[in-house]
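Chains as they are written, first to last, in full-length UniProt numbering: chain V, 1 to 392; chain S, 1 to 306. Everything on this sheet refers to the single structure shown next.
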């Protein structure tokens with residue numbers, strides 16, 4: 001009896017194997033591995049999981065596509081938003097020769113720590129969420145690309161928007177950390193292109209309390225706008241003290257650093273008409289956001305895509321497109337990615353510059369209207385119904 | 001530079017100087033009676049400001065809306081609570097350490113300051129974010145050229161000056177003041193003359209801490225924003241001001257406070273490089289002054305007892 005059973009089992013197994021063998025050979029698709037890294041655990045895991053699901057969605061849609069030449073498998077690793085862990089995971093991914101390319105990192109500190117690994121192992125990657133300019137610009141690594149924007153892009157958008165609104169003279173206050181100095185540098189460069197004039201630049205410490213001396217000096221310089229490169233706490237103080245010195249007809253132009261509800265809570269009515277800019281956009285506002293959200297919801301993922309899910313999807317999709325085009329060869333994939341120009345994606349056109357940075361990155365502008373951050377284009381300030389401070 | 005701007009800078013400097021002076025006077029009082037440096041002084045200021053804010057929110061929730069009554073209640077709550085806290089700190093942490101090396105007192109108050117600061121951050125609702133402070137003073141202002149004189153600033157400045165004059169009268173014209181000065185001058189003799197040493201120490205700490213609470217309230221009304229870190233910086237500045245003025249001397253502390261504010265304003269305005277260096281400049285001058293007058297500009301009359 002026992003012998004019969006085992007024989008039967010063996011027979012059935014062989015049969016199943018034979019059948020699947022026939023099936024797979026008739027639809028012969030080469031299997032290709034791609035990678036994904038993001039913070040899947042820890043404080044920023046909501047963004048990491050949303051990014052992973054979105055990248056996974058790109059792979060699933062491709063595998064469901066009968067026209068696709070290859071079958072893809074995504075290897076997702078967790079960098080915990082910690083540079084040391086990220087470097088280990090990046091090494092693991094990059095050392096695996098079966099992995100052709102990867103969409104990597106949400107946290108800037110991790111992304112900047114891992115670029116050397118990708119360069120050393122020659123793994124082409126596309127950063128899907130980290131915003132520090134240095135990730136693409138500190139080195140000129142052909143392996144590293146990025147679909148989302150940087151603080152360079154947000155300052156370009158900032159300078160462009162304000163110039164178009166007729167603001168010409170600016171005083172700059174920035175905190176003296178790398179973050180604030182970066183904002184000062186990129187905003188000054190962007191503003192010069194649009195013909196705006198900076199009448200004074202003030203570096204302040206990131207925990208300064210009193211700004212009356214700086215603001216009095218700014219008052220005597222009489223600018224139309226105070227540009228502020230720094231974070232919410234001192235942003236609140238500066239805007240509050242502007243009021244004390246009677247600087248209420250001057251626009252307060254912030255950066256992504258003040259785009260938080262605590263800015264509005266800290267100032268109440270005085271926050272009205274302040275501006276801020278962030279890289280990316282609410283997913284439903286992305287050019288292909290509706291399509292993306294529909295497909296995403298079809299898959300019943302347990303977590304939402306979050307702010308950068310669309311970018312993770314676009315990054316992975318671009319990788320898959322490239323592999324379809326040139327096959328499973330890291331060098332060829334990298335060379336093709338470097339030449340990406342005006343490629344349509346759900347986050348808009350993608351063009352990589354000589355550092356692999358997407359130059360037409362999406363930036364969303366916000367203005368405080370009735371105690372809320374409202375997308376600029378939807379605001380009554382943009383429609384002309386209300387006027388910003390000092391707007392003519 | 002036109003006259004309006006000079007006036008504006010002077011006004012800014014005076015406001016800052018008044019707050020620094022109020023904090024510095026506390027340091028100097030404590031040093032006077034006990035020869036200790038109480039590093040939690042700045043954080044008592046923070047707790048005072050938050051007490052005022054909490055009592056404002058409490059009054060709002062019971063439907064009170066008169067600015068004057070609210071302000072008075074905040075003043076009483078903040079000053080009263082901090083006077084108690086100051087006396088408690090002296091009783092529980094500083095007096096027991098009298099016979100221990102001075103470094104121990106320094107260390108324990110430094111740690112206590114951290115505890116107070118972190119407690120505000122963690123236990124005040126949403127305490128890690130900057131909190132809006134109500135505008136309770138009339139905000140009328142007159143513009144004279146580039147000079148914007150606000151009524152609320154003028155009131156704050158006057159109130160600060162009155163508090164300092166009041167303290168001066170208390171120390172020099174009352175029996176309590178005489179007792180405080182006696183303890184400061186010679187503890188043993190004061191005791192033999194029938195001064196209740198412990199009570200005087202506690203009262204002095206209560207007065208100094210109430211002054212910090214006043215400075216905290218003033219800070220809140222001036223900036224309309226408070227956060228859990230305000231006391232840390234004001235503590236360092238107040239301490240430095242007390243030292244350059246001459247630790248133990250009330251006039252020295254006041255002078256030191258205004259001097260420091262003046263240096264910061266000059267650092268931000270008159271120096272060719274960016275305002276980022278104004279603190280570097282102010283503290284560098286303090287270092288130079290210390291090298292020139294190690295006991296401060298107005299030294300305590302009997303600075304060392306054998």
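Glycine residues also receive a C-beta, built at the ideal position from the N, C-alpha and C atoms. The structure displayed is predicted, hence computed values, not measured ones.
task: To the nearest angstrom, report how far apart residue 149 of chain V and residue 288 of chain V are at their CA atoms.
output: Taking the first residue of the first chain as 1, we reach residue 149 of chain V at position 149. Taking the first residue of the first chain as 1, we reach residue 288 of chain V at position 288. C-alpha separation (whole angstroms): 17 Å.
message: My parser needs the beta strand (DSSP E) runs of 3 or more residues fully inside the segment 93-137 of chain V; what are they?
response: 99-104 and 125-127
Rounded C-alpha distance that separates residue 230 of chain V from residue 174 of chain V: One-based indexing of the first chain puts residue 230 of chain V at position 230. One-based indexing of the first chain puts residue 174 of chain V at position 174. Going from the Cα of residue 230 of chain V to the Cα of residue 174 of chain V covers about 6 Å.
- prompt: For the putative contact between residue 252 of chain S and residue 296 of chain S, defined by C-beta atoms under 8 Å, what is the C-beta separation to the nearest angstrom?
  reply: Taking the first residue of the second chain as position 1, residue 252 of chain S is located at position 252. Taking the first residue of the second chain as position 1, residue 296 of chain S is located at position 296. Correct: roughly 5 Å between the Cβ atoms.
- prompt: For residue 8 of chain S, which residues in chain V fall below 9 Å Cβ to Cβ?
  reply: Translated into positions along the second chain, residue 8 of chain S becomes position 8. Those are 212, 216, 219, 220 and 245, listed as they occur along chain V.
message: In chain order, what are the residue ranges of uninterrupted alpha helix (DSSP H) at least 4 long that sit wholly in the segment 79-143 of chain S?
response: 102-123
- prompt: Are the beta-carbon atoms of residue 100 of chain V and residue 37 of chain V separated by less than 7 Å?
  reply: Residue numbering aside, residue 100 of chain V sits at position 100 when the first chain is read from its first letter. Residue numbering aside, residue 37 of chain V sits at position 37 when the first chain is read from its first letter. Taking 7 Å as the Cβ cut-off, residue 100 of chain V and residue 37 of chain V do not qualify as a contacting pair.
message: Taking a contact to mean a Cβ-Cβ separation below 7 Å, would you say residue 241 of chain S touches residue 13 of chain S in this structure?
response: Taking the first residue of the second chain as position 1, residue 241 of chain S is located at position 241. Taking the first residue of the second chain as position 1, residue 13 of chain S is located at position 13. No; because the gap between Cβ atoms is not below 7 Å, this pair is not in contact.
query: Just reading off the alpha helix (DSSP H) that residue 369 of chain V is part of, what are its end residues?
result: Looking up residue 369 of chain V in the first chain gives position 369. Segment 363-369 is the beta strand (DSSP E) holding residue 369 of chain V; no alpha helix (DSSP H) there.
Residues that residue 131 of chain S contacts on chain V, provided the C-beta gap is smaller than 9 Å: The count along the second chain starts at 1 and reaches residue 131 of chain S at position 131. In chain order: 265 and 266.
task: Assign residue 127 of chain V to one of two classes, buried (16 or more other C-beta atoms within 10 Å of its C-beta) or exposed (fewer than that).
output: Taking the first residue of the first chain as position 1, residue 127 of chain V is located at position 127. Buried is the call here.
task: Drop a sphere of 10 angstroms on the beta-carbon of residue 223 of chain V, count the other beta-carbons inside from all chains shown, and report buried for 16 or more, exposed for fewer.
output: By one-based count along the first chain, residue 223 of chain V stands at place 223. Result: buried.
query: So residue 171 of chain V and residue 226 of chain V are in contact, right, with Cβ under 8 Å, and what is the actual spacing, rounded?
result: For this step, residue 171 of chain V is matched to residue 171 along the first chain. For this step, residue 226 of chain V is matched to residue 226 along the first chain. Contact holds; Cβ gap of about 5 Å.
query: Using DSSP with H/G/I as helix, E/B as strand and the rest coil, what is residue 30 of chain V?
result: By 1-based counting over the first chain, the position of residue 30 of chain V is 30. Here residue 30 of chain V sits in strand by DSSP.
- request: Could you check how far apart the C-beta atoms of residue 313 of chain V and residue 346 of chain V are, in whole angstroms? I think they sit under 8 Å.
  value: Within the first chain, the letter at position 313 stands for residue 313 of chain V. Within the first chain, the letter at position 346 stands for residue 346 of chain V. Indeed, because the Cβ distance is near 6 Å, the residues count as touching under 8 Å.
message: Any beta carbon of chain S sitting closer than 7 Å to that of residue 368 of chain V?
response: The residue given as residue 368 of chain V occupies position 368 in the first chain. Judged by the 7 Å Cβ criterion, residue 368 of chain V is not in contact with chain S.
field: Closer than 7 Å at the beta carbon, the chain V residues around residue 225 of chain S
entry: Position 225 of the second chain holds residue 225 of chain S. Those within 7 Å of residue 225 of chain S in chain V are 236, 237, 240 and 266.
- prompt: Quick one: Cα of residue 145 of chain S to Cα of residue 139 of chain S, how far?
  reply: Translated into the one-based positions of the second chain, residue 145 of chain S becomes position 145. Translated into the one-based positions of the second chain, residue 139 of chain S becomes position 139. A straight-line Cα-Cα distance of about 18 Å links residue 145 of chain S and residue 139 of chain S.
task: List the residues of chain V whose Cβ lies closer than 9 Å to the Cβ of residue 209 of chain S, in chain order.
output: Locating residue 209 of chain S in the second chain gives position 209, counting from the first residue. Within chain V, no residue comes near residue 209 of chain S; the closest Cβ sits about 20 Å away, beyond 9 Å.
task: Using the Cα positions of residue 84 of chain V and residue 110 of chain V, report the straight-line distance between them to the nearest angstrom.
output: Here residue 84 of chain V corresponds to residue number 84 of the first chain, with the count starting at 1. Here residue 110 of chain V corresponds to residue number 110 of the first chain, with the count starting at 1. Using only the alpha carbons, I get a separation of about 8 Å.
message: Between residue 74 of chain S and residue 55 of chain S, how many whole angstroms is the CB-CB distance? I'm expecting something under 8 Å.
response: The residue you call residue 74 of chain S lines up with position 74 of the second chain. The residue you call residue 55 of chain S lines up with position 55 of the second chain. Indeed, because the Cβ distance is near 5 Å, the residues count as touching under 8 Å.
query: Is residue 147 of chain S helix, strand or coil by DSSP?
result: Numbered from its first residue, the second chain carries residue 147 of chain S at position 147. Look at residue 147 of chain S here: in three-state DSSP terms it is strand.
task: Jot down the residue ranges of each uninterrupted alpha helix (DSSP H) in the segment 142-190 of chain V, minimum 4 residues, whole runs only, in chain order.
output: 151-164, all fully within the segment 142-190 of chain V.
- prompt: Is there at least one Cβ from chain C nearer than 7 Å to residue 114 of chain S's Cβ?
  reply: Note that chain C does not occur in the displayed structure, where the protein chains are V and S.
Cβ-Cβ separation, residue 62 of chain V to residue 320 of chain V (assumed contact under 8 Å), whole Å: As a working note, residue 320 of chain V is residue 320 in the first chain. As a working note, residue 62 of chain V is residue 62 in the first chain. 5 Å between Cβ atoms; contact.
query: Within the 7 Å Cβ cut-off, does residue 203 of chain V reach chain S?
result: Here the question's residue 203 of chain V lines up with position 203 in the first chain. At least one chain S Cβ lies under 7 Å of residue 203 of chain V.
field: beta strand (DSSP E) segment containing residue 279 of chain V, residue limits
entry: The residue you call residue 279 of chain V lines up with position 279 of the first chain. Under the DSSP assignment, residue 279 of chain V falls in the beta strand (DSSP E) whose first and last residues are 275-279.
- request: Report the three-state DSSP secondary structure of residue 351 of chain V (helix, strand or coil).
  value: For the purposes of this step, residue 351 of chain V is taken as the residue at position 351 of the first chain. Residue state, collapsed to three classes: coil.
message: Comparing C-alpha positions only, which one of S:39, S:192 and S:76 sits nearest to residue 210 of chain S?
response: Numbered from 1 along the second chain, position 210 holds the residue referred to as residue 210 of chain S. Selected option, being the one with the closest Cα: S:76.
- prompt: Among S:229, S:288, S:244 and S:287, which one has its Cα closest to the Cα of residue 114 of chain S?
  reply: For this step, residue 114 of chain S is matched to residue 114 along the second chain. Residue 114 of chain S has its Cα closest to that of S:229, out of S:229, S:288, S:244 and S:287.
query: What residues in the segment 240-260 of chain S have a beta carbon less than 7 Å from any beta carbon of chain V?
result: none
query: Just checking, does the segment 44-57 of chain V make contact with the segment 295-304 of chain V on the three C-beta pairs under 8 Å criterion?
result: yes
field: Rounded straight-line distance, which links the Cα of residue 182 of chain S to that of residue 189 of chain S
entry: Translated into positions along the second chain, residue 189 of chain S becomes position 189. Translated into positions along the second chain, residue 182 of chain S becomes position 182. The alpha-carbon atoms of residue 189 of chain S and residue 182 of chain S are separated by roughly 8 Å.
field: Within chain S, the residues that residue 233 of chain V reaches when beta carbons sit closer than 7 Å
entry: Position 233 of the first chain, counting from 1, holds the residue named residue 233 of chain V. Ordered by position in chain S, the residues that pass the 7 Å Cβ test against residue 233 of chain V are 130 and 227.
task: Quick one: grab the DSSP three-state call for residue 372 of chain V.
output: The residue you call residue 372 of chain V lines up with position 372 of the first chain. Three-state result, residue 372 of chain V: strand.
field: Residue closest to residue 15 of chain S, alpha-carbon to alpha-carbon, out of V:211, V:45, V:197 and V:275
entry: Position 15 of the second chain, counting from 1, holds the residue named residue 15 of chain S. Checked all of V:211, V:45, V:197 and V:275; the closest Cα to residue 15 of chain S is V:211.
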